[in-house]
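Everything on this sheet refers to the single structure shown next.
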Amino acid sequence: MKNHQTQVRVRYSETDQMGVVYHGNYIPYFEIGRVEWLRNKGVSYKIMEESGVGLPIVSMNINYKKSARYDELLTVHTTFKSQSSVKIEFDCAIYNEANELLTTAVFILVFVSLKTGRPMAPPDYILELLKKIE
Numbered sequence: 011m012k013n014h015q016t017q018v019r020v021r022y023s024e025t026d027q028m029g030v031v032y033h034g035n036y037i038p039y040f041e042i043g044r045v046e047w048l049r050n051k052g053v054s055y056k057i058m059e060e061s062g063v064g065l066p067i068v069s070m071n072i073n074y075k076k077s078a079r080y081d082e083l084l085t086v087h088t089t090f091k092s093q094s095s096v097k098i099e100f101d102c103a104i105y106n107e108a109n110e111l112l113t114t115a116v117f118i119l120v121f122v123s124l125k126t127g128r129p130m131a132p133p134d135y136i137l138e139l140l141k142k143i144e
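Heads up: the sequence shown begins at 11 in this note's numbering, then just goes up one per residue.
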C-alpha cells in the first residue's frame, strides 16, 4: 500500500528535436505519480485544496539515468517514504516499456494552509491514511 504505479505516454511537445524528453518535463510526470498515489488511497488533491490545504514541494533531488523518448509509455512508481509533523516524503522512479530505469527522485512536500501560506499539520484523514500504511 506504500507503493503505487501509474502510466503516462511521452507527448511530442515534451521532447527536443531528437525525440528525447526535456529534463524539466520529468517533474510533471512525478507530480502525476504523487496525485495518483493519493487518489489510489481515496484522497482527492482537488478536494484537499478546496478545504484549504496545499502540498507544495520544498525539496527535490532527481537523478537521470537514461533518456525517455517520444511516444514511450512510461511507468511512474511512487512510494511513501516518511511523514513528520508538517512534511511528507516520497521516493519515485520512472521506467520505460522495456522496464529500464530512466530516472529516480526524492520529493519532500509540506502541508500548507492556503489561507495563511504557513505550514500546518496534515489533516486527520491524511494522518489516518499514513498510520495504516506505515
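The beta-carbon is built from N, C-alpha and C at its ideal position, and this holds for glycine as well. Predicted model only: the values in this text are computed from it and were never measured.
Going by the CB atoms, is the gap between residue j and residue i shorter than 7 Å?
i: Y55; j: V68; result: no
i: K75; j: T113; result: yes
i: G64; j: K125; result: no
i: I136; j: L119; result: no
i: F40; j: A103; result: no
i: F117; j: P132; result: no
i: K12; j: F90; result: yes
i: T88; j: G43; result: yes
Quick check on DSSP: helix, strand or coil for residue i?
i: Y32; result: coil
i: P129; result: strand
i: R19; result: strand
i: N13; result: strand
i: G64; result: strand
What residues in its chain sit with their C-beta under 6 Å from that of residue i, if we drop five residues either side in the sequence?
i: T10; result: Any answer about residue 10 is impossible in this case: the structure gives the chain only from 11 up to 144.
i: N35; result: E24
Taking 6 Å as the cut-off, does the CB of residue i come closer than this to any heavy atom belonging to the ligand GDP?
i: V96; result: Summarising the ligand content, the structure contains no ligands, and the ligand GDP is consequently not present.
Near residue i, what residues of its chain come up, given a Cβ to Cβ distance below 8 Å and the 5 sequence neighbours on each side ignored?
i: E82; result: R19, V20, N106, E107
The alpha helix (DSSP H) with residue i in it runs from where to where?
i: L137; result: 134-143
Can you name the start and end residues of the beta strand (DSSP E) that residue i belongs to?
i: A115; result: 111-120
Spatial neighbours of residue i within its chain, please: CB distance less than 7 Å, with the 5 preceding and 5 following residues excluded, ordered by chain position.
i: P66; result: L119, V120, V122
i: H33; result: Y74
*Hey, which unbroken runs of the beta strand (DSSP E) at 3 residues or more fall wholly within the stretch 66-101?*
67-74, 83-94
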